[in-house]
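Here is the structure we will look at, set down as structure tokens.
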Amino acid sequence: LSTFLLSGSLTAIRYRDEILRPLVRPYAGAVGPGFLLMQDNARPHVAGVCQQYLQDEGIEAMDWPARSPDLNPIEHIWDIMSRSINQHHVAPQTVQELVDALVQVWEEIPQKTIRHLIRSMPRCCKEVMQVRGGHTQY
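Residue numbers (the UniProt record's numbering): 1 to 138.
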């Protein structure tokens with residue numbers, strides 16, 4: 001995590017080389033047929049170089065409506081982490097302090113919370129489909 005945070009903004013090339021190639025591709029292979037990548041419309045995700053890589057590797061990505069609520073459980077985890085860090089009396093002053101705080105908060109998140117978020121996804125997706133990508137409680 002600290003190496004990733006210290007190396008700057010996430011570009012399409014970095015996303016392909018540091019996330020898709022070493023993490024997503026092997027995971028997709030382990031899951032096998034039926035693997036569907038969920039990612040939002042962040043610029044690195046939709047960049048041509050990344051879309052081409054996914055196509056070349058035969059990795060299918062979920063179509064993501066432009067204005068839909070974020071359905072990725074990790075976004076809820078980021079929110080939990082952000083709120084936890086903001087509750088500390090002294091905000092991190094350096095990148096390294098932020099990295100240390102993020103790692104500490106990440107390790108403190110109960111596995112039960114993560115399981116709950118993952119298990120809520122079918123319900124969330126169903127609700128978003130019912131409102132055709134519009135606003136939901138999520």
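Note that beta-carbon positions come from the ideal geometry of N, C-alpha and C, so glycine has one too.
Who are the Cβ neighbours of residue i in its own chain at under 6 Å, not counting the five residues just before and after it?
i	result
F35	A28
In this structure, what does DSSP give as the bridge partners for residue i?
i	result
E60	L36
Pull up the distance between the alpha-carbon of residue i and that of residue j, whole angstroms please.
i	j	result
C50	G8	18 Å
L37	R132	20 Å
G134	C125	11 Å
R21	M62	18 Å
T113	T94	29 Å
Q96	W106	15 Å
V90	P33	48 Å
Measure the beta-carbon distance from residue i to residue j and round it to whole angstroms, keeping in mind my assumption that it falls under 8 Å.
i	j	result
E57	R25	6 Å
P44	L23	That belief does not hold up - the Cβ atoms of P44 and L23 are roughly 14 Å apart, past 8 Å.
Take residue i and list the residues in its own chain whose beta-carbon comes closer than 8 Å to its own, dropping the five residues that flank it on each side.
i	result
I13	V49
Which residues in the same chain as residue i place their Cβ atom closer than 7 Å to its Cβ, once the five residues preceding and following it in sequence are excluded?
i	result
N72	M38 and D40
L98	P92
H76	L117
message: Extract the residue ranges of the beta strand (DSSP E) inside the segment 64-134, only unbroken runs of 3 or more that lie entirely within it.
response: none
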